[in-house]
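Peer 1: All the letters of the sequence shown, read from the start, carry residue numbers 108 to 191 under my numbering.
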Amino acid sequence: MDLFSVSWETRHGAATALRHIFNIQGKGAGKATYHSIEQMEKNHQAWLEDMAVRFLCVLSLDRFGDFVSDQVVAPVRETCAQAL
Numbered sequence: 108m109d110l111f112s113v114s115w116e117t118r119h120g121a122a123t124a125l126r127h128i129f130n131i132q133g134k135g136a137g138k139a140t141y142h143s144i145e146q147m148e149k150n151h152q153a154w155l156e157d158m159a160v161r162f163l164c165v166l167s168l169d170r171f172g173d174f175v176s177d178q179v180v181a182p183v184r185e186t187c188a189q190a191l
């Protein structure tokens, strides 16, 4: 998964894309019409938890800081936090 790439640009792009997917289709992730309601809810919850763990890993492991003037910007961590 590109979210764990060594390149910060790739991590940032993956986090941005996933954030956008969550906004558009987050309510239906892990669901399928051929599953029972209980199975769909179980799959949806498992998917959400898996993505949350991945974003938390990136938040804790990412060390890239972009120094702009007298401030530091962490674009990957900011995007992951927004997705959560």
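C-beta: ideal position from N, C-alpha, C; glycine also. It should be emphasised that the depicted structure is a prediction, and the values quoted were computed from it without experimental measurement.
1. Excluding sequence positions up to five away, which residues of its chain have a Cβ less than 7 angstroms from the Cβ of ALA153?
2. In the DSSP output, which residue or residues are listed as bridge partners for VAL179?
3. DSSP state of HIS151, grouped into three classes?
4. Apart from the five residues on each side of it in sequence, which residues of its chain come closer than 8 angstroms, Cβ to Cβ, to THR117?
5. Alpha carbon to alpha carbon, how far is VAL183 from ASP157?
6. Hey, out of GLN146, HIS142, PHE162, whose CA is closest to PHE199's CA?
Peer 2: Reading from the atomic positions:
1. GLY137.
2. Partner(s): PHE174.
3. helix
4. ASP109
5. 18 angstroms
6. One cannot answer for residue 199 here, as it falls past the ends of the chain, which runs 108 to 191.
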